[in-house]
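Worksheet: the structure to be examined is printed underneath.
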Amino acid sequence: MEHVPHLAGGPAGPQLSERQRKHLRGLAHALKPVVRLGNAGLTPAVLAETARALEDHELIKVKAPGGDRAARDALFAALARDTGSALVHRIGNVAVLYRPHAELPRILIPDR
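Residue numbers 1 to 112, in our numbering, belong to the letters of the sequence shown in order.
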């Protein structure tokens, strides 16, 4: 697993322990990507769709186009930062994002 550090400047996502990340990775394993990034990158429409998907599901997979690994990592980190979510995991061109619902969290994660 590759860890992408949180970038400063946006709303901070939830801070997760390694145990919590492992639990969320297990839950995300069977998920299909619900957001697909195009060559245009992070457009306002992509940010809005990702935020809506996080609001609906809390835990989502995002797929980016292949290509430069560093650029893809930066794209995933920026997406997490701009949506206030945590980048749980990244493998290849798929990332897992998590943001608990503000009023009614549906996913129970273990304590730190």
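Glycine residues also receive a C-beta, built at the ideal position from the N, C-alpha and C atoms. Note that the coordinates shown come from a computational prediction; the quantities given were computed from them, not determined experimentally.
- If you look at K22, you'll find it isn't in any beta strand (DSSP E); it sits in the alpha helix (DSSP H) that goes E18 to A28.
- For N39, same chain residues with a beta-carbon under 7 Å away, outside a window of 5 residues either side, are P65 in chain order.
- In the three-state DSSP reduction, R52 falls in the helix class (H, G or I).
- Nearest to I107 by C-alpha distance, out of K63, L79 and L54, is L54.
- For the pair V46 and E103, the Cα-to-Cα distance works out to about 24 Å.
- Taken through DSSP and simplified to helix, strand or coil, R36 comes out as strand.
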